[in-house]
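UniProt numbering puts the first residue of the sequence shown at 1, with every later residue one more than the last.
Structure first, commentary second.
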Amino acid sequence: MARPGPAPCNSPETGLTAGVTWRHLSCDVSPDKRAAASSWPRRPPRGARARSYVRCWHGAPPGLQLLRVVASRAAFRETTKRWWWWRRRCRQGARTVSGMAGRGEGNGAATMAGVATGGVEDAYGEDRATEDQPITPWAVCVASGHSLLRDPRHNKGLSFTEKERDAHYLRGLLPPVVLSQELQEKRLLQNVRQFQVPLQRYMALMDLQERNERLFYKLLIDNVEELLPVVYTPTVGEACQKYGSIFRRPQGLYISLKEKGRILELLRNWPEKSIQVIVVTDGERILGLGDLGCQGMGIPVGKLALYTALGGVRPSACLPITIDVGTNNEDLLKDEFYIGLRQKRATGQEYSDLLDEFMAAIKQNYGQKVLVQFEDFANYNAFTLLEKYRANNLVFNDDIQGTAAVVLAGLIAAQKFVSGTLADHTFLFFGAGEAGTGIAELVALEISNQSKVPVEDARKKIWLLDSKGLIVSSRKDSLQPFKKRYAHEHEPVKDLLDAVKVIKPTALIGSAGVGQSFTKEVIEAMSSINERPIILALSNPTSQSECTAEQAYSWSKGRAIFGSGSPFDPVKYNDKLFVPAQANNAYIFPGFGLGVVISGAIRVKDEMILAAAEGLADQVTPEHVDKGLIYPPFSCIRKISANIAARVAAKAYDLGNICSF
């Protein structure tokens, strides 16, 4: 019979109580496999207090998991020569098994589904469902004692059972009580709620993520509506502003100009080799807060936490990256606690060369199926980088494409309140940056698809207003390229109120990051033109919002169809309760990223983004419409993400935009 090995330890990778296991080569295997392994040596003797250092050959059949267990330090020193001899023989044996599989012996590919997670058995194939087979032959798993308690991925805290405490040498390292994960979650939620300052709540949750990853995600998933504003906008904006002061331990990869020419080496320093989603920022335009330099790392960390909590992407498959090319923020350059390069921001060819090297290194190290999400780059870089790399890389800009998808979904759902189609509306955008123009372009594509008209004609329904006034043809010579397509024939108009009066839009969309720009006069003008004006105040954080929910409902006398980028509490007006909809990118990017990953897509196409927007809009039910909602409630976000992922994956297959290897 098989010898007993260490008891299972918790694995957030599979969601199971799978653990580090080993079997003697001569047991529980078929006769032919036993014969092939008969020449392999037995493992070194195990000391009385041996620690569970385990190495596992990737891809070995379940009955032939080639393992070695290192004994105590003293025993290891005594058996050094035998150890290396054993290692060489094991490698020879592994090549023998590989040769058998290549000749068709055994049970084929199914029998080669061995352990792929560093000794944690993937019993239900959950890890392998969304990743390629690893090519690195050996992986190390340390699963005992003090080191186990310091490993956030496998640490269960007080949830370790009595048997697990004995098997993993945890006796005395933990209090004697055994608490269920549910009870730990309840205790932690009470602790988080005791903090009155949002930043303190953010820090408490980040501390939890760094010591017990599984519990962190359970807490976030079960209380997503309450905790989303803490781990993401608006609190993450304040966290980035003070990131240098609250910095405790690195949570991602930092690439600076000092490492130019060595980016591939830096990527290989990251412990995880099977990466599926990367979120990268250069920190130049963090939310509506401006240039925060290296301290923008809070954004990739927060985004990827939502990829896992809302979209189900494995935490170990996510990589947050900050590219530090300096900062033009004088306050940060003078701050003694600033964690980035103390120099002015690099631009031009130097910046371009660094990004080229970065994208080439990503593709070389992780392959062409890793999704790279650009986040919070300045307008002039965001559009340039997206256009430059989208043809040859799997890239996605959440500020341009993600925001556009969630807003388009809200506009499609808003048609359930008013008659007609998108082609019957006139749209006025306050703000012509990456978010505003990205939304405008996706709306134009949807109008073109619905009405079967050229996209150039669809753009005539859309007007943009920037800091210098309405974008018209007389300004073309001074406009950035991405704005020129919306420069229509019209007299110059300087301010928003005058633009509303002359354009007479049915939908007013704010993305300029200018707080309180939707004044009472503007909203009253919109209400005089439309029975149900569509007003979307999308700027983040709350202080930068164009107007509040209460202002929109009261100034429109309860007739506005309102959505915002930041969360607002329900509003009671004339004895009717209005629930403002939050046009949060988190509706889109987790499900979109999951769909891209599971489909094996190699490029992000506009049709896939349209499919995501339509998938979100389709989940707005008549019950939601009765409450004035243009988005489904966030409490069912995982179901929403799953539906969006299915839509995106199906569209990728329809487009032939996938790679099977």
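C-beta: ideal position from N, C-alpha, C; glycine also.
The structure presented is a predicted model; accordingly, all values stated were derived computationally and were not measured.
Residue i: first and last residue of the uninterrupted beta strand (DSSP E) it sits in
i, result
"K572", "V571 to Y573"
"S599", "No beta strand (DSSP E) holds S599; the alpha helix (DSSP H) holding it covers F589 to S599."
"A432", "That residue, A432, is in no beta strand (DSSP E); it is neither H nor E in DSSP."
"I462", "I462 to D466"
"L371", "L371 to F374"
For residue i, the first and last residue of its enclosing alpha helix (DSSP H)
i, result
"Y351", "G348 to Y366"
"L536", "It is not in any alpha helix (DSSP H) - L536 instead sits in the beta strand (DSSP E) that spans I534 to A537."
"L266", "I263 to N269"
"A309", "G298 to G311"
"Y254", "That residue, Y254, is in no alpha helix (DSSP H); its beta strand (DSSP E) goes L253 to S256."
"D166", "E162 to A167"
"S564", "Run containing S564: none in the alpha helix (DSSP H); it sits in the beta strand (DSSP E), I561 to S564."
"L199", "P198 to R211"
"P481", "P481 to K484"
Secondary structure of residue i, DSSP reduced to three states
i, result
"A397", "What sits at residue 397 in the sequence shown is Asn, not Ala. Strand at N397."
"I339", "coil"
"T21", "Low local confidence applies: a pLDDT of 35 at T21 is under 50, so the model's placement there is unreliable, with the coordinate-based value given in what follows. T21: coil per DSSP, three-state reduction."
"Y217", "helix"
"Q582", "strand"
"A139", "Bear in mind that a pLDDT of 45 at A139, under 50, signals an unreliable position, so the number given afterwards is only what the model happens to contain. In the structure shown, A139 sits in a strand (DSSP, three-state: E or B)."
"P315", "helix"
"V514", "coil"
"T281", "strand"
"V29", "In this prediction, V29 has a pLDDT of 40, which is less than 50 and means its spatial position is unreliable; nothing more can be read from the coordinates."
"G104", "Confidence at G104 is low in this model, with a pLDDT of 44, below 50, so the placement of that residue should be treated as unreliable; the coordinate-derived value is given next. Looking at G104 - three-state DSSP - the assignment turns out to be coil, as it is neither helix nor strand."
"N657", "coil"
"I509", "strand"
"D331", "helix"
"I275", "coil"
"T421", "coil"
"K576", "strand"
"Q241", "helix"
"L496", "helix"
"R51", "Unreliable positioning characterises R51 in this predicted model, as indicated by a pLDDT of 38, which lies under 50. The coordinate reading is nonetheless provided below. Looking at R51 - three-state DSSP - the assignment turns out to be coil, as it is neither helix nor strand."
"I602", "coil"
"S39", "Here S39 scores only 42 on pLDDT, less than 50, and its place in the model is too uncertain to base an answer on."
"G472", "Reading the sequence as shown, one finds Val at residue 472 and not Gly. Strand, per DSSP."
"I286", "coil"
"P229", "helix"
"F634", "helix"
"Q626", "The question names Gln, but residue 626 in the sequence shown is Asp. Of the three classes helix, strand and coil, the one that applies to D626 here is helix, per DSSP."
Cβ distance (whole Å) where residue i is taken to contact residue j below 8 angstroms
i, j, result
"S566", "P234", "5 angstroms"
"L536", "I509", "5 angstroms"
"Q373", "V277", "7 angstroms"
"F429", "E546", "Incorrect: roughly 11 angstroms between the Cβ atoms, too far for contact."
"L170", "L158", "Actually they do not touch by this definition, with Cβ atoms about 11 angstroms apart."
"V648", "M608", "5 angstroms"
Selection from the options that minimises the alpha carbon distance to residue i
i, options, result
"V625", "P250, K572, D498 and A413", "A413"
"E550", "P541, G563 and N540", "G563"
"K242", "F337, Y254 and T322", "F337"
"Q190", "D207, L173, L219 and L179", "L219"
"K483", "W463, P492 and V493", "W463"
"P229", "K651, F568, L179 and A613", "F568"
"G593", "L304, A204 and Y254", "L304"
"E521", "K260, S554, S543 and I588", "S554"
"Q343", "S352, D331 and Q349", "D331"
"E350", "G438, S256 and G340", "S256"
"Y653", "P633, S635, G600 and E623", "G600"
"D166", "H146, V648, G311 and L319", "H146"
"G275", "I588, E259 and G367", "According to the sequence as given, residue 275 is Ile; it is not Gly. Among I588, E259 and G367, the Cα nearest to that of I275 is on G367."
"E182", "K156, H168, R193 and Q194", "K156"
"R262", "F377, E226 and I362", "I362"
8 angstroms Cβ cutoff met for residue i and residue j
i, j, result
"I640", "Q619", "yes"
"I321", "V370", "no"
"E446", "L610", "yes"
"residue 723", "G283", "For the chain, the structure presents residues 1 to 661; residue 723 sits outside this window and is missing."
"G410", "Y573", "no"
"T421", "T506", "no"
"V596", "L465", "no"
"D324", "L306", "no"
"A612", "A309", "no"
"L385", "L355", "yes"
"E434", "F383", "yes"
Check: residue i C-beta below 7 angstroms from any heavy atom of the ligand HEM
i, result
"A537", "The model on display carries no ligand, and the ligand HEM is accordingly not part of it."
Min CB distance residue i to chain D below 8 angstroms
i, result
"G298", "Absent from the structure is chain D; it holds one protein chain and no more."
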